[in-house]
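Peer 1:
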Amino acid sequence: MNLPPRLPISALSVSLIAQIHEYKGALRSMSLLTPEILQALRHIATLESVGAGIRLGSVDLSDREVSQTINMLHQRQQAIPSGDETPAPVFSNARSNSTTVGSHDFSAELLSDYEIDELLMQQSSEVRVLNADEEQAAGYFEALNRVFEWVSTPALREEQIHALHRTLLKHSKKDVWHAGKYKASANHRSFNNPDTGARSQLPGANPLEAPAKLKSLLEWLQGEREHPTQHPLLTIAAFIAGFHAIRPYQDGNARMGLLLTRLLLLQSGYSQVAYASLEAQLERDRDAFYTALDRTLAAIHSANPHWEPWTAFFLSSLVDHARRLFSRLERDKEIFSALPKLSSDIVNLAREHGRVTMADAIRLTGSNRNTLKLHFRKLVHEGRLLRHGMGAGVWYQPR
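Sequence positions in the sequence shown follow the working numbering and run 37 to 435.
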């Protein structure tokens, strides 16, 4: 693998970098948004990133299933007893005006049978064992949180990458043996060569050479950060391609590539990746993503590596990602400026949690049912919420 001190850059790449920075400047208006809206955007982006990230790694979970998995993870963490606490009752006085489920108190409104059943189902999920796909989702979610914790660190170190890999696989029973450790055997990857049409292999680094190659790649990255010879986005693109070429771990390298991409972008000041999912953008262009990366990896060990397929795709994805976020913020600005505060709160709840029910709105806004009914009806009529279900089972989804 040859990482030149300066990657060749085409006119297309120059244009794409300029577009990214135009959007980066425009997105500074995000600082004017309320903390509640920013929190909702980050929450949605996190759910979408977990779902798309694991699906790019061939795990088949919907965003809704990912949300349920993360809720189970939170419930498990909250359910760990301190040793001297009396466990909260699972269910008490359900039909009275003070209904308690776990630590949640719903006052002043009687819950319907449907709402009671739904809350009991949420409570029972605390003890359910995660299946293999959910384990991957839980690990990716916690690894994303670790990435945000490291944004201010000055350098990317080998032990950090190992720790991130351990976090990524910590919930996966089948991966415990190699989490955070260099690979023990070859892990070549087969692909359809887009230039020849033939089935080919992309050889990863020899297991004995992987540690030295990753250390060398990290030294190159640090050198570029301290004494840059090119635009930081080109440095990030080259580093990620180099990481994929080494494939230092037995499994999880593709997901690690996504996590490291996010970390390096955040450390370089591209904060928009916290508020819109880059993984979701790559999933939308999944075939082009793998084709571009594979074309560069196929020649990365040659005397004349072909960087343009990967760098052009990487930069164009960042342009599309920033454009989608900018459009969303412009649309939200129009929506929220025209909505009463209670309606804005309802839409925020729906976006933050992926859905909202009447019981949620009563509990979290403190408004009465009749007032909320009017706001829900208007939001559905205006196309801001989608209504699902009937009777007591009604819930609302953001558009």
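A virtual CB, placed ideally from N, CA and C, is assigned to each residue, including glycine.
Is the number of C-beta pairs between the region 271 to 279 and the region 238 to 246 that are closer than 8 Å three or more?
Peer 2: Cβ pair count under 8 Å is below three, so no.
Peer 1: Comparing alpha-carbon positions, which option in A397, L295, Q308, S94 lies nearest A179?
Peer 2: Here the closest residue by C-alpha is L295.
Peer 1: For P341, tell me which candidate among W186, R331, F350 has the shortest Cα-Cα distance.
Peer 2: That would be R331, whose Cα lies nearest to the Cα of P341.
Peer 1: What residue from I73, S236, Y218 has the CA that sits closest to H224's CA?
Peer 2: Measuring from the Cα of H224, the nearest candidate turns out to be S236.
Peer 1: My assumption, with CB atoms under 8 Å, is that L77 sits in contact with Y311. Please give the rounded CB distance.
Peer 2: With a Cβ gap of about 4 Å, L77 and Y311 count as contacting.
Peer 1: Would a C-beta distance cut-off of 8 Å place L318 and S352 closer than the cut-off?
Peer 2: No, these two residues do not count as a Cβ contact at 8 Å.
Peer 1: By how many angstroms is the C-alpha of G278 removed from the C-alpha of V42?
Peer 2: A quick correction: the sequence has Arg, not Val, at residue 42. Distance between the alpha carbons of R42 and G278: 14 Å.
Peer 1: Spell out the partners DSSP gives W431 in its beta bridges.
Peer 2: The partner list for W431 (beta bridge, DSSP) reads H424.
Peer 1: Are S363 and K414 touching if we call contact CB-CB under 8 Å?
Peer 2: No. Outside cutoff.
Peer 1: Does I152 pass the burial test, meaning 16 or more other C-beta atoms within 10 Å, or should it be called exposed?
Peer 2: Note that I152 scores 48 on pLDDT, short of 50, meaning its location in the model is unreliable; the coordinates nonetheless yield the value given after this. Classification for I152: buried.
Peer 1: Quick one: what's got a C-beta closer than 8 Å to T407's C-beta in the same chain, skipping five residues either side?
Peer 2: Closer than 8 Å at the Cβ level, and outside the excluded window around T407, lie L378.
Peer 1: Please state the DSSP three-state secondary structure of N228.
Peer 2: Three-state result, N228: strand.
Peer 1: Rounded to a whole number of angstroms, what is the C-alpha to C-alpha distance between I106 and A334?
Peer 2: Roughly 37 Å separates the two Cα atoms.
Peer 1: Is the Cβ-Cβ distance between R423 and V430 less than 8 Å?
Peer 2: Yes.
Peer 1: In the DSSP output, what is R235 paired with across the bridge?
Peer 2: R235 is bridged to N228.
Peer 1: L385 to A397, Cα distance in whole Å?
Peer 2: So the two alpha carbons sit approximately 8 Å from each other.
Peer 1: For A88, does the count of other Cβ atoms within 10 angstroms reach 16, so buried, or fall short, so exposed?
Peer 2: That one is buried.
Peer 1: Once you ignore the five residues that flank R283 on each side, which residues in its own chain have a CB closer than 6 Å to its CB?
Peer 2: Here the set comprises N223, G240, N289.
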